[in-house]
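This report concerns only the one structure given below.
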Amino acid sequence: MNTVFAAPVFDSTVIFEGNELFKGRSAAENWAKKLGAELECVTTVQKTGTGWVICGNVDGEDCIWAVFGQRLKRINRE
475 MNTVFAAPVF
485 DSTVIFEGNE
495 LFKGRSAAEN
505 WAKKLGAELE
515 CVTTVQKTGT
525 GWVICGNVDG
535 EDCIWAVFGQ
545 RLKRINRE
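In the working numbering, the protein residues as written are 475 to 552.
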């Protein structure tokens, strides 16, 4: 089974507050489209510090995704 969560993220990243974020907006937008299609939800990208994250709402819960070990990972924002 192909899933966006198993696909490697080889795009440039930056570290901000301990999280690995997308360095470029266009890379984040490309991954946001793939993620939104898989989870069947609307996704957007948002500038966070020196990088970009993917934002969406899944099952009524606001979620944020970044990168961890070249894979998409949901992160908690404080």
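Virtual Cβ for every residue (Gly too), placed ideally from N, Cα, C.
Just so you know, these numbers come straight off a predicted model, no measurement behind them.
- The closest CA to that of A502, considering only E514, G492, L513 and T518, is found on T518.
- In the structure shown, G525 adopts extended strand secondary structure according to DSSP, grouped into three states.
- Per the coordinates, the alpha-carbon of N550 lies some 11 Å from the alpha-carbon of C529.
- A check of alpha carbon separations from A511 across R545, I489 and V532 identifies V532 as the nearest.
- For the set N476, A480, E491 and V478, the Cα lying nearest the Cα of T522 is the one of E491.
- Distance from the CA atom of F542 to the CA atom of L513, rounded to whole angstroms, is 19 Å.
- Spatial neighbours of R499 in its own chain (CB-CB distance under 7 Å, excluding positions within 5 residues in sequence) are listed in chain order as V519 and W526.
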